[in-house]
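Here is the structure we will look at.
2 protein chains.
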Amino acid sequence: MKIRIAQFGLGPIGLETLKLAAGKPWAEIVGGVDIDPAKIGQDLGVLTGMKSLRGRRVWGSLEELVACGRPDVVFHTAVSRFKDAFAQIEPMARRGISVVSSSEELLFPRLREPKLAAKLDQLCRKTGARVIGTGVNPGFVMDVLPICLTGVSRVVRAIHVQRVVNASTRRAPLQKKIGSGLLPAEFRRLFKLGQAGHAGLKESLSLVAHCLGWSLENLVETGDAVVADHHIRTQYLEVKKGQTCGLHQRAEATVNGRICLTLDLKMYLDAKNPHDAVQIEGEPPLNVVIHGGVAGDQATVAALVNTAPRLLQAPAGLLLMTDLPVPRLA
Amino acid sequence: MKIRIAQFGLGPIGLETLKLAAGKPWAEIVGGVDIDPAKIGQDLGVLTGMKSLRGRRVWGSLEELVACGRPDVVFHTAVSRFKDAFAQIEPMARRGISVVSSSEELLFPRLREPKLAAKLDQLCRKTGARVIGTGVNPGFVMDVLPICLTGVSRVVRAIHVQRVVNASTRRAPLQKKIGSGLLPAEFRRLFKLGQAGHAGLKESLSLVAHCLGWSLENLVETGDAVVADHHIRTQYLEVKKGQTCGLHQRAEATVNGRICLTLDLKMYLDAKNPHDAVQIEGEPPLNVVIHGGVAGDQATVAALVNTAPRLLQAPAGLLLMTDLPVPRLA
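In the order they appear, the protein sequences are chains A and B.
So the first sequence is residues 1 to 330, counted in our numbering.
So the second sequence is residues 331 to 660, counted in our numbering.
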C-alpha cells in the first residue's frame, strides 16, 4: 500500500518536496494545492518536469483536491506562523488527513499559540490525523540533533549551538529574507517589528527544554545585521559595502539563573567557514562539528519527506519531532 | 509514580549504572542481582557509597530479588552475547519486567539468533515486557547517530563511520580486552577464534541497514592488532614495543555490489586525536566530527539509564533503539 500524498504550497520548497516524494517507491502523488491563480489548473508533470506526475493537477482549494482523490498525508510548505498554518491545516485534520509542515512555529506550536495547539491536537485525536512541523532549522540542527546527543549524557550543564550559513550558496528568497541590501538601521527596525529575521529559534529552544524537562526562566532573542565589509555580487543580487549582507540572530535561555541554552545563527553572504556546531557541557562533554553545515534547502525538503512514513505509524495528535522514532532516510 | 529499578550485574559498568539511576528523581532502586558469591548479600549502600541505597541488597537470583520487591525495569550489564543474555533476561520478561541491556548483540538480536529473538519478542508481547539493547558502541556512535543524520538526507550513497579511542584513558578491563601486551600473532589467533575483539560492529551495520531499508549483500568484519611503536605504561599495565597495544577492527557491507557502509574502530593505548567521525555521502553531504570522541564508559552508562523512561512508554516487545522516540537525557 503506497502512501497517497498531496503538496500544499508550490513555491520553491514545495516543488522540491513534491519532486523528492514523487521519486519514493512508497509514495503516490494525488495532486497539489496553491492559491496562486497562475498555478491553479496547471499540470504537476509540467511544473516539475516529471513525467510520472502528468495528469496530476494544482487545485485552488483543498475541497477540490479531495473531491478528486483523498491523500493520506499533505506536505504543507506555505507559511511560517502557526496561526496562519492553523487556518490551512485545520480543514485537513478535520478530514483525518495527516500533515507534515515546514511552518517554523509548528515545531513547537504551544509556545506561541497554546490554545490553538490544544484545539488542533484535540481535533486530530478525534479524526485520527497526525500533524507535525519539521525542517532543518528549526527541526534538526538546533533541536533534534542536540537532544539526540544528550541521549549519551549523564549530566547536561549547558548546550550551545552555532550555525553559520553562507547565504551566497542559497536561493534568492533566502538572500532577500536575511536583509541583503538594507541599511543596517532599517534591518534592525524591521527585526524589532518582526518583519525581518529567521523564524524558529525560540521554538528550537523550547523543544530542547521540553525534552530535557527544563523550565526556561528567560527566553531572549536578539537580532542584528551583518554589515558587508566589501562589495558583494551573488547570482541574484548586489550588496554595497556598509549595507546589510545578512543576519546574526541569537536566542538564549536560563534555567536556575544560569545560561544553559544558547542558539547562535549567522546567515550572511560570503560567510567564511560555514558549519554547524553543537557543544554539550556535561558528562561526558560533547563537541560536535558538522563541517560545511547541513545544506538548508536540501535538508528541509528531505526532513519533510522522510518524516511522512514514521508520522503515519504514530498515534493521532499534534505531534513533536521528538515524539517520533529516531529520524532516518525514508 | 517512580520507576522501580533493579541492577543485574554489579561489575564496574553495573555499579556506575546503578549510581547514575539512583540519583534520578524518577527512579527508585529496589535491589541488585549478581552471581558472584563475594557480592551476594552485600548492601548496595556500601557497594556504591550512596547513603540513599542503604538497606537495598545484592541477591543471588532474580527470584529472591522479586520476592522482596518487583522492579519495573532491570538494567542488565552482565554479558555480550545475546544467547547468554537470553537465559538471564527470559525469566525477567516472563514476569513482565522490562529490561535495558548493555549486551552488544542485543542491539540487533535477530542478526545472530533470529529464533531466540522471535521467542523473546513473543514472550514480551504476552507479558507486557519491553526488552532493548543499548550503549555507546554499539548503540549510538556507529548506528543511532548516523541513522538520525540521514533524517535530513535526500539521498544516501554511502555511510562511513570512524571511531578512534585512546584506551589509555579507559578502565582496566577495556585495556585488557583490546589485547594489550599480547604478541600480535597471538591477538590475531584469538580474534579469529572470537576470543578477542570488540563486539557489536556487525550489529551496528545491521541496524543501519534495517532502518534505511537496505539489504546487505556482504557483511565482512576484520580485526588486527595495533602494535606498540614505543614502550607504554598506563595506570594498570605495561606494553613493550612490538607487543599489541590495541585493536583495529573494521566491518563493511555492500548493497548492489558497491561498498555502502564502513565502520572503522581503533581502540589502542596512547592513541592520538581520539574522535568519532560520521561521513554521509549523499545529498546533502554530511561531514560530522565529534572532537575527542564520545567517552565510552560514561556514555554507555548514560545510554542505559536514559533509555528506561522511553522504554516504559513503548509497546511491549523486543525493541530496537530506533523504535523508540529520539534519545535524550532523562
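Built from N, CA and C at the ideal position, the CB exists for glycine as well.
- For E551 (chain B), the enclosing beta strand (DSSP E) has its first and last residue at N548 to V557.
- Closer than 8 Å at the C-beta level to chain B, one finds these residues of the segment 312 to 323 of chain A: M321, T322 and D323.
- Counting only Cβ-Cβ distances below 8 Å, G622 (chain B) has contacts in chain A at P285 and N287, in chain order.
- Here the alpha carbons of D653 (chain B) and G647 (chain B) stand approximately 11 Å from one another.
- If you check the CB distance, H275 (chain A) and G292 (chain A) come in under 8 Å.
- Contacts between S483 (chain B) and chain A, judged by CB atoms closer than 7 Å, involve A302 and L329 in chain order.
- Per DSSP, H275 (chain A) is one residue of the beta strand (DSSP E) stretching across H275 to E283.
- In its chain, beyond the 5 residues on either side, G179, F187 and L190 have a beta carbon closer than 7 Å to the beta carbon of A196 (chain A).
- Listed along chain A, the residues sitting closer than 7 Å to L350 (chain B) by beta-carbon distance are R154.
- Taken in chain order, the complete beta strand (DSSP E) segments of 3 or more residues contained in the segment 482 to 530 of chain B are 485 to 496.
- When DSSP states are grouped into helix, strand and coil, G463 (chain B) belongs to the strand group.
- For the segment 208 to 226 of chain A, the set of residues with a beta-carbon nearer than 7 Å to any beta-carbon of chain B comprises C211 and L212, in chain order.
- Of all C-beta pairs linking the segment 125 to 133 of chain A to the segment 151 to 159 of chain A, fewer than three are shorter than 8 Å, placing the two stretches out of contact.
- Of A:R112, A:R258, A:L47 and A:W214, the smallest CA-CA separation from E203 (chain A) is found for A:R112.
- Counting other Cβ atoms within 10 Å of its Cβ, C541 (chain B) reaches 16 or more and is therefore classed as buried.
- Between V409 (chain B) and S433 (chain B), the gap from beta carbon to beta carbon is short of 8 Å.
- Distance from G361 (chain B) to W389 (chain B) at the Cβ level is roughly 6 Å; contact confirmed, criterion being Cβ atoms closer than 8 Å.
- Taking C-alpha positions only, V618 (chain B) is separated from G375 (chain B) by approximately 42 Å.
- Distances from the alpha-carbon of L201 (chain A) to those of A:A251, A:G181 and A:V155 put A:A251 closest.
- Partner residues in the beta bridge of D264 (chain A), as assigned by DSSP, are A:Q162 and A:R250.
- By the beta-carbon neighbour count (other beta carbons within 10 angstroms, threshold 16), R493 (chain B) is buried.
- In this structure, R658 (chain B) lies away from T300 (chain A), with their beta-carbon atoms at least 8 Å apart.
- In terms of beta-carbon proximity, P655 (chain B) lines the interface with chain A, with at least one pair separated by less than 8 Å.
- Your pair V255 (chain A) and E217 (chain A) checks out as a contact, with CB atoms roughly 6 Å apart and the cut at 8 Å.
- For Q235 (chain A), the secondary structure class from DSSP, reduced to helix, strand or coil, is coil.
- With the rule of 3 Cβ pairs closer than 8 Å, the segment 409 to 418 of chain B does not count as touching the segment 368 to 385 of chain B.
- In this structure, G511 (chain B) places its C-beta atom within 8 Å of the C-beta atom of T574 (chain B).
- For K19 (chain A), the CB contacts under 7 Å within the same chain, skipping 5 residues up- and downstream, are T48 and M50 in chain order.
- In terms of Cβ geometry, T637 (chain B) and T464 (chain B) form a close pair [threshold 8 Å].
- Using a Cβ-Cβ cut-off of 9 Å, F108 (chain A) is close to nothing in chain B; its nearest Cβ partner there is about 14 Å away.
- Exclusion of the five residues before and after L567 (chain B) leaves Q505, S510 and G511 as the residues of its chain whose Cβ lies within less than 7 Å of its Cβ.
- Excluding residues up to 5 positions away in sequence, R501, P503 and D627 lie with their Cβ nearer than 8 Å to the Cβ of P342 (chain B) in the same chain.
- Along the segment 241 to 253 of chain A, there is no position whose C-beta sits under 7 Å from a C-beta of chain B.
- As a beta-bridge residue in DSSP terms, L319 (chain A) pairs with A:I132.
- For G14 (chain A), the uninterrupted alpha helix (DSSP H) run begins and ends at P12 to A22, by DSSP.
- Linking R56 (chain A) to D43 (chain A) through their CA atoms gives a straight-line distance of about 6 Å.
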